[in-house]
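There are 2 protein chains.
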Amino acid sequence: MHPLTIGKLAKQADLSVETLRYYERLGLIAPQQRSEAGYRLYEPGIVRRLRFIRRAQALGFSLGEIAELLALSGDPAASAGEVKALTQAKIADIEQRIRDLERMREALAGLAEHCPGHRATTVDCPILGALNGEDQ
Amino acid sequence: MHPLTIGKLAKQADLSVETLRYYERLGLIAPQQRSEAGYRLYEPGIVRRLRFIRRAQALGFSLGEIAELLALSGDPAASAGEVKALTQAKIADIEQRIRDLERMREALAGLAEHCPGHRATTVDCPILGALNGEDQ
DNA sequence: CTTGACCCTGTAGTCGACTACAGGGTCTAG
DNA sequence: CTAGACCCTGTAGTCGACTACAGGGTCAAG
Chain A
3 MHPLTIGKLA
13 KQADLSVETL
23 RYYERLGLIA
33 PQQRSEAGYR
43 LYEPGIVRRL
53 RFIRRAQALG
63 FSLGEIAELL
73 ALSGDPAASA
83 GEVKALTQAK
93 IADIEQRIRD
103 LERMREALAG
113 LAEHCPGHRA
123 TTVDCPILGA
133 LNGEDQ
Chain B
3 MHPLTIGKLA
13 KQADLSVETL
23 RYYERLGLIA
33 PQQRSEAGYR
43 LYEPGIVRRL
53 RFIRRAQALG
63 FSLGEIAELL
73 ALSGDPAASA
83 GEVKALTQAK
93 IADIEQRIRD
103 LERMREALAG
113 LAEHCPGHRA
123 TTVDCPILGA
133 LNGEDQ
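In order, the protein sequence lines correspond to chains A and B. Just so you know, we're using our numbering here: the first sequence kicks off at 3 and counts up by one. Just so you know, we're using our numbering here: the second sequence kicks off at 3 and counts up by one.
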């Protein structure tokens, strides 16, 4: 388990080499050192950091937000309150998106319900009618 | 209410001139004719079509899907079934996104609940702990 | 000592829905 | 007749998260 080259790390983390270099550009990861030829060399612990990134992504955090979380995570003096605040902002954001989607779903379901489907032409389609602004 | 130039139409529809030209590139709208100087001239009824586009967007349809809806809408021989199918596919899509967001929200809420906030440092933050893969 | 797998940098493309010019031509009010 | 508001085409930039080269250099196996 000595330093990993970027290709080995990519395989371990199930990410592409390009993605790793992209994360480096964003400041999310960095190689521990470079070889004489300029090759990136990573310590094996970086795999954990990449898992952190993936988990946070799955929870809806952007890479920019993940950079903040990683910075807080690396600072033992930082307050957990900041992490909590980021988390609660993300929850609020997600809840807003859910509400928007639910409004759409209800509107669409209401329209689909009254559409006779294959028994009618588009002329009598209430969905198109609504989009055209018929009634209200 | 004679032919509208693109600037007048933009004002009526509360869209930018650039957006209108963009919609034209996508095939969503077209000027009825061109003036001698090459100016786009729209019949006033185009405003309805733009409202259709905006309503469909608010319901979650992409501009590509809206192009399909408009094509169906303009073809009186087309079946309302196709419109209904597009609508139901969109409902399914939205429901999937809601489910994904709800899973995120619940995971985040569960983490936030156990975070002591400002009373602890990031070392003891269960949110960062979870992202780092502690437990499970 | 060569072949092929790896690595480097830097740039550009993808998706969707715009937005912003640059470098022209046209139209209208005073 | 001219200033300024309008219009044209064509190209490029924005956001986020990648993805895909091109044109090099490096390394290990046979």
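Ideal Cβ positions, reconstructed from N, Cα and C, are used throughout, including at glycine.
Could you give the DSSP three-state label for residue i: helix, strand or coil?
| i | result |
| --- | --- |
| Met3/B | Its pLDDT being 49, under 50, Met3/B is placed unreliably by the model, and nothing is read from it. |
| Ser81/A | strand |
| Lys13/B | helix |
| Leu22/B | helix |
| Phe63/A | coil |
When you compare the CB positions of residue i and residue j, do they come within less than 8 Å of one another, or not?
| i | j | result |
| --- | --- | --- |
| Gly83/B | His120/A | yes |
| Leu17/A | Leu52/A | yes |
| Gly135/A | Arg107/B | no |
| Ile31/A | Ile48/A | yes |
| Val85/B | Thr124/A | yes |
| Leu2/B | Ser75/A | Chain B is shown from 3 up to 138; residue 2/B falls before or after that span and cannot be answered. |
| Tyr44/A | Gln59/A | no |
Since residue i meets chain B, which of its residues come closer than 9 Å, beta carbon to beta carbon?
| i | result |
| --- | --- |
| Ala122/A | Ser81, Ala82, Gly83 |
| Ile129/A | Leu71, Ala82, Val85, Lys86, Leu88, Thr89 |
| Asp16/A | Those do not exist, as Asp16/A stays about 15 Å from chain B at its closest Cβ, beyond 9 Å. |
| Gly135/A | Arg50, Arg53, Phe54, Arg57 |
In this structure, what does DSSP give as the bridge partners for residue i?
| i | result |
| --- | --- |
| Leu43/B | Gln35/B |
| Thr123/A | Ser81/B |
Find the residues of chain A that neighbour residue i, judging by a C-beta separation of less than 8 Å, and give them in chain order.
| i | result |
| --- | --- |
| Val125/B | Pro78 |
If the cut is a Cβ gap below 8 Å, which residues of chain B does residue i touch?
| i | result |
| --- | --- |
| Leu11/A | Those do not exist, as Leu11/A stays about 17 Å from chain B at its closest Cβ, beyond 8 Å. |
### Query
If contact means a Cβ-Cβ distance below 8 Å, which residues of the stretch 69-81 of chain A contact chain B?
Leu71, Leu74, Ser75, Asp77, Pro78, Ala79, Ala80, Ser81
### Task
Name, going along the chain, the residues of the stretch 92-118 of chain B whose beta-carbon falls closer than 7 Å to a beta-carbon of chain A.
Lys92, Ile93, Ile96, Glu97, Arg99, Ile100, Leu103, Glu104, Met106, Arg107, Ala109, Leu110, Ala111, Leu113, Ala114, Cys117, Pro118
### Query
Listed in chain order, which residues of the stretch 52-66 of chain B have Cβ atoms closer than 8 Å to some Cβ of chain A?
Arg53, Phe54, Arg57, Ala58, Ala60, Leu61, Gly62
### Within 9 Å of chain A by C-beta, residues of the stretch 19-39 of chain B in sequence order
none
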